[in-house]
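This report refers to the structure that appears directly beneath it.
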Amino acid sequence: MSALANNYKRKNLSFARGKGSFLFTSDGKKYLDFVQGIAVNSFGHANQHLVKAINNQSKKLWHTSNAFIIPEGEKLAKRLVKRTFADSVIFQNSGAEATETSIKVARRYFYSIGKKHKNTILCIKNSFHGRTLAAIHASGSKKMTEGFGPKIPGFSHFKFGDHEKLKKLITKNTAAIMIETVMGEGGIKTIPIWCLKEIRKLCTKKGILLILDEVQCGIGRSGKFFAFEYANVKPDIVPIAKGIGGGFPLGAVLMTKKIAKAMIPGTHGSTFGGNPLAMSVGNAVLDQINNKLLNNVRKTSKYFISELNILKNKYPKLIKEVRGMGLLIGLQLFTDQTYFINKLMDNKLLTIKAAENVIRILPPLNVKKNEINLALKIIDKVCKNLNK
626 MSALANNYKR
636 KNLSFARGKG
646 SFLFTSDGKK
656 YLDFVQGIAV
666 NSFGHANQHL
676 VKAINNQSKK
686 LWHTSNAFII
696 PEGEKLAKRL
706 VKRTFADSVI
716 FQNSGAEATE
726 TSIKVARRYF
736 YSIGKKHKNT
746 ILCIKNSFHG
756 RTLAAIHASG
766 SKKMTEGFGP
776 KIPGFSHFKF
786 GDHEKLKKLI
796 TKNTAAIMIE
806 TVMGEGGIKT
816 IPIWCLKEIR
826 KLCTKKGILL
836 ILDEVQCGIG
846 RSGKFFAFEY
856 ANVKPDIVPI
866 AKGIGGGFPL
876 GAVLMTKKIA
886 KAMIPGTHGS
896 TFGGNPLAMS
906 VGNAVLDQIN
916 NKLLNNVRKT
926 SKYFISELNI
936 LKNKYPKLIK
946 EVRGMGLLIG
956 LQLFTDQTYF
966 INKLMDNKLL
976 TIKAAENVIR
986 ILPPLNVKKN
996 EINLALKIID
1006 KVCKNLNK
């Protein structure tokens, strides 16, 4: 009997090692891993550049307090600023911490300019921003907040695509709109380009901040460094995590200079956030996210989504829709996806569920075409057996 609490519904499967797109059990069984820690392992398992970075840094220094300058963090922050809209960075350990910090930063900004009444954040109902108390209430999910009352105030919600409701919710107390550029847990639903542009205009007009949560879809996953780059918009605050650490716990909040001025000493901290080991891994991840890789993510995505749509047309009673962008892909079924996911696993392909009967497909960013073809073959086989 496990000594672990039962807060995860784990599959009866464990792994001894991984290499690239594959995982191996202790008895040698090989699985094609298109979960990758839920869009975490940007370059698959045991990426040599990341292994080298961890080994080198581990022999020098793992952790020091943020009371001192951490050169590896200074370097990573400068690289992120140079590559993005941001002027400043706060490092964290996870996506939940990054979104929680983004909420704090938005509220602190208005407090710092004498508008402390502006503290409400508008979010999409049934979105996902993490598992902390503030983040679950930001997500607006009854399932996630049940049993964790009282309700955390300061959040209002609108349905996906309901722009009229969004506009009506904006009041003198509104500080920011916080949305996922691509909703991951919510069913791989992409915010349309026109929508992002309109929300940016709305925020500018109303004098409120735009927070774009790119914890799951950022750092190359979409085929751009950030998914919002397709819309050519500039957010005010962006929380990131998952892919930036390539499998090592690392998160961050990126923000403009105007916003960062509010974060004076004592307003926020993180014991482990920005430690030398995590920063070295983050730098090693950025070393590999170049234009060649991003072009290949877009090319691979186009092929993969096209082939999945062929399967959709081949099995119209099973597959309802193919969703997503880059290598953040969703296969929506007409019925509950659990059985389908288990059958894929039986055939040595690992995927994971999302809302709206969606199967999330998350290969590493450097996935090979023959690995995509293997996944397609397995999906086709499972569809064929279920279609009899």
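In our numbering, the protein residues as written are 626 to 1013.
Cβ atoms here follow ideal geometry from the backbone N, Cα and C, with glycine treated the same way.
When secondary structure is reduced to three states using DSSP, K883 falls in the helix class.
By the Cβ-count criterion, P988 is buried, with 16 or more other Cβ atoms from all chains shown falling within 10 Å of its own Cβ. In the three-state scheme derived from DSSP, where H, G and I count as helix and E and B as strand, V660 is classed as coil. Within the same chain, and ignoring the five residues on either side of K750 in sequence, the residues whose Cβ sits closer than 6 Å to its Cβ are G765, H782, K784.
The region 717-776 contains, as complete beta strand (DSSP E) runs of 3+ residues, the segments 745-749 (chain order). M803 sits buried, since 16 or more C-beta atoms from the chains shown fall within 10 Å of its C-beta. About 6 Å separates the Cβ atoms of I966 and I984, confirming a contact at the 8 Å cut-off. With contacts defined as CB atoms closer than 9 Å, L837 and I914 fail to qualify as a contacting pair.
For T799, the enclosing beta strand (DSSP E) stretches over residues 799-805. Scanning its chain for C-beta atoms nearer than 8 Å, with the 5 sequence neighbours on each side dropped, one finds around V807 the residues I813, K814, T815, I816, Q841, C842, S847, A852, G949, M950, L953, in chain order. In this structure the region 933-940 does not touch the region 694-701; the number of beta carbon pairs closer than 8 Å is below three. Exposure of N681 is indicated by the presence of fewer than 16 other C-beta atoms within 10 angstroms of its C-beta.
The Cβ atoms of S713 and L879 lie closer than 9 Å to each other.
For I746, the closest C-alpha among the options E725, S737, R756 is that of E725.
One alpha carbon belongs to P860, the other to I738, and they sit about 19 Å apart.
The C-beta distance from H762 to K776 rounds to 6 Å, short enough to fall under 8 Å.
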